[in-house]
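In my numbering, the protein residues as written are 2 to 342.
Don't be surprised by glycine CBs; every beta carbon is placed ideally from N, CA and C.
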Ligand SMILES: *Cc1c(COP(=O)(O)O)cnc(C)c1O
């Protein structure tokens, strides 16, 4: 099976498993797990922050950040396609008691003007604007990369309105590799920022949230409260350290493969896609003109041993990752061709 459903399907490589097996471990909650400590220090340095904390998932990074920034009744600005809006089971409302203002951005990205258009004069009856969320790269928005300028403009706006800025950096390292802009430059504008280890970096579990020392101390309290404090987590952290050494630069291969898939797919009848929209490892295309729904297309692809994701009625998502070779892409394009012609 050529599995393009997500970059979460990666299997830990033999070398990663060996690194995990050899990890030095201790009780994370006592600060005695050397591998976890090393991972947190490494990610804090990578993101230019004072401290970082290891968490079981990206969702927990988002939710703990929102819990730290927001009080019940506060307002969060995010693009309408954002993971926190669509894929976290209503967490901001349930956990922090915060309200989401979902902005209609372009390709998952919005500007100061979009936020300004939603800002009301402060009133007793209005939710209190508190947080701006930037997803780098944008997932459902199409895998695009927020420019440093747009992030800096939002951060300046946030500062003048006493808002905080949070970066959902599930695929921040894809943006870093594609744009050649260091992670800390993107992160500089954010109060909290995290990277996922279990997406393109290929680890089985984990994400790392970074911020000021004070913020991360507070994040630790939530980590305990929500049951995210672990014990010999160094087994998992070792995979993260291995991935930072060996799986970052190779993300460029995933981007080349995504571009190739887009260029092959655009030639097929009934496919609508603009290869210039493919900035990283996510390829979205529309199949309405083919007469097939996305679901029908995906189920027929499965019969050819290719799995892609149904994003909506007519939109399909394919994701490249370390388990996918250039040959796999050519095979997937052939399968797509036989389904469509
Ligand atoms: C996957 C993802 C998350 C959640 O990360 P998990 O590790 O799956 O919990 C959050 N935001 C974005 C943009 C994602 O793609």
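In the three-state scheme derived from DSSP, where H, G and I count as helix and E and B as strand, residue 276 is classed as helix.
Ligand 1 never approaches residue 247 closely enough for any of its heavy atoms to be under 7 angstroms from the residue's Cβ. Per DSSP, the unbroken beta strand (DSSP E) holding residue 195 starts and ends at 193 to 197. Selection 308, 241 and 317 evaluated against residue 19 yields 241 as nearest (Cα-Cα). Its chain contains 138, 144, 175, 179 and 256 as the residues whose beta carbon lies nearer than 6 angstroms to that of residue 281, once the 5 sequence neighbours on both sides are disregarded; these appear in chain order. Contact between the region 10 to 19 and the region 223 to 237 is absent, with fewer than three C-beta pairs closer than 8 angstroms. Within the region 301 to 337, the runs of beta strand (DSSP E) at least 3 residues long that lie entirely inside it are, in chain order, 316 to 320. For residue 197, the shortest C-beta to heavy atom distance toward ligand 1 is below 7 angstroms. Set against 7 angstroms, the gap from the CB of residue 200 to the closest heavy atom of ligand 1 is smaller.
For residue 136, the shortest separation between its Cβ and any heavy atom of ligand 1 lies below 7 angstroms.
For residue 284, the shortest C-beta to heavy atom distance toward ligand 1 is 7 angstroms or greater. For residue 291, the shortest C-beta to heavy atom distance toward ligand 1 is 7 angstroms or greater. The criterion of a C-beta distance shorter than 8 angstroms is not satisfied by residue 229 and residue 194.
Residue 54 has its Cβ no nearer than 7 angstroms to any heavy atom of ligand 1.
Under the three-state reduction of DSSP, residue 162 is assigned to coil, being neither helix nor strand. Under a 10 Å Cβ-count criterion, residue 200 is classified as buried, with 16 or more other Cβ atoms of the shown protein chains found around its own Cβ. Straight-line spacing of the CA atoms in residue 131 and residue 71 works out to 6 angstroms. Annotation: residue 333 to residue 73 spans about 47 angstroms, alpha carbon to alpha carbon. Each residue's CA atom was taken as its position, placing residue 146 and residue 187 some 11 angstroms apart. Around the C-beta of residue 168, 16 or more other C-beta atoms lie within 10 Å, and the residue is accordingly described as buried. Leaving aside the five residues that flank residue 321 on each side, the residues in its chain whose CB is nearer than 6 angstroms to its CB run, in chain order, 255, 258, 259 and 282.
Around the beta-carbon of residue 246, fewer than 16 other beta-carbon atoms lie within 10 Å, marking it exposed. DSSP places residue 131 outside any alpha helix (DSSP H); the residue lies instead in the beta strand (DSSP E), whose first and last residues are 129 to 136.
Secondary structure in the region 14 to 68: the beta strand (DSSP E) runs of 3 residues or longer, each lying completely within the stretch, are 52 to 56 in chain order. Within the same chain, 59, 171 and 208 come within 6 angstroms of residue 197 by CB-CB distance, once the 5 residues on both sides are set aside.
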